[in-house]
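Asker:
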Amino acid sequence: MCTPVLETLSSLLRFDNIIIDEAGIEKLEHLLSPFWYGINQLAPLRYDEKTAMQINNLMDLINQCSIVVTVVGDPKQSRPIGISSKDPSAIEWVIKGTPSDTLRITHRLHDKISGLVDEFASYGGLKSSPEVASRRLNLYQIPGIEYRKIINPEEPVTWVDINGEENTLGFSSWAHEIQAKTYAKLCQPLAYASRNRSIVVDTRYTGQAQLISHYLGQMVLTDRVRATTTT
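The numbering of the sequence shown is our numbering, which starts it at 7 and goes up by one.
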């Protein structure tokens with residue numbers, strides 16, 4: 007979940023495992039959400055003075071409560087706005103205090119979105135790390151024009167893979183077929199492992215929720231898994 011989505015979730019919801027995305031641009035306090043939405047796997051937790059002495063930061067506290075959280079983000083992104091320009095982002099706090107892995111495969115942005123980001127952030131040309139530079143999609147169109155086009159949510163936007171091949175247009179500008187199919191496939195082992203528990207896939211876009219529901223129906227999972235939207 008992205009932190010803006012948290013404001014729209016019911017306060018009664020609880021999750022066994024939480025994935026927080028875009029932690030590179032979030033503050034440390036945004037990592038407090040697992041305490042509200044996460045399930046304490048050791049509850050009721052008994053106070054142990056020796057264990058309490060080993061808690062040095064927020065990540066240690068989350069671990070001691072046995073709350074399962076996966077945090078995803080880019081530590082090289084622009085840091086969140088804070089009192090000090092040196093304030094670490096949420097992902098930097100996580101890297102300092104917990105085990106972490108670095109993704110070696112990066113899927114680059116679609117040309118139109120690249121143009122928008124490039125102009126908005128005044129990069130003067132988006133640059134990739136050496137590992138992914140060879141797969142970088144070239145921007146052939148003028149960013150200024152694309153900036154005005156990308157804002158229209160009714161205009162379908164095509165998606166491309168790392169080979170530059172376009173996917174079929176979806177229900178809306180934010181319906182991504184490959185992503186929706188992947189989510190549905192991930193729900194199969196989750197539904198099997200969770201037995202009688204219900205599963206909710208929460209996405210911000212109606213078109214994506216419809217597409218995920220379509221694939222869940224093909225896998226006969228609609229009685230256990232539901233795709234919904236916060237918009």
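Every residue gets a Cβ at the ideal spot worked out from N, C-alpha and C, and that includes glycine. Keep in mind the model is a prediction, meaning the values are calculated, not measured.
Please list the terminal residues of the continuous beta strand (DSSP E) segment that includes I184.
Answerer: I184 -> not in any beta strand (DSSP E); alpha helix (DSSP H) instead, spanning 183-200.
Asker: Is G30 helix, strand or coil by DSSP?
Answerer: Of the three classes helix, strand and coil, the one that applies to G30 here is helix, per DSSP.
Asker: Where does I61 sit, in a helix, a strand or coil, going by DSSP?
Answerer: coil
Asker: If you run the structure through DSSP and keep just helix, strand and coil, what is V77?
Answerer: strand
Asker: Quick one, which of A197, I25, R230 has its alpha-carbon nearest G44's?
Answerer: I25
Asker: List the whole-angstrom C-beta distance separating V207 from Y189, where the pair is believed to meet the contact cut-off of C-beta under 8 Å.
Answerer: 6 Å
Asker: Locate the beta strand (DSSP E) running through V231, then write down its first and last residues.
Answerer: 231-235
Asker: Could you check the C-alpha separation between A233 and L19 for me, to the nearest Å?
Answerer: 15 Å
Asker: When the Cα atoms are used, what is the spatial distance from L227 to P40?
Answerer: About 27 Å.
Asker: Would the beta-carbon of G213 fall within 7 Å of that of A181?
Answerer: yes
Asker: Run through DSSP, which three-state label would T212 get?
Answerer: Residue state for T212 is assigned as helix, using DSSP reduced to three classes.
Asker: So what does DSSP say about V226, is it helix, strand or coil?
Answerer: coil
Asker: Am I right that V100 and V77 are in contact with their C-beta atoms under 8 Å? What's the rounded C-beta distance?
Answerer: 5 Å
Asker: Who does F41 pair with in a DSSP beta bridge?
Answerer: DSSP lists no partner for F41.
Asker: Take W42 and list the residues in its own chain whose beta-carbon comes closer than 6 Å to its own, dropping the five residues that flank it on each side.
Answerer: none
Asker: Does the Cβ-Cβ distance between A96 and L38 come in under 7 Å?
Answerer: no
Asker: For V207, write down the residues that DSSP places opposite it in a beta bridge.
Answerer: A233
Asker: Take S200 as the anchor and find which of E35, L217, V231 has the nearest alpha-carbon.
Answerer: V231
Asker: Suppose the cutoff is 7 Å on Cβ atoms and the five residues either side in sequence are ignored; what does the same chain contact list for M225 look like?
Answerer: A190, Q194
Asker: Nearest-angstrom Cα distance between E98 and N23?
Answerer: 21 Å
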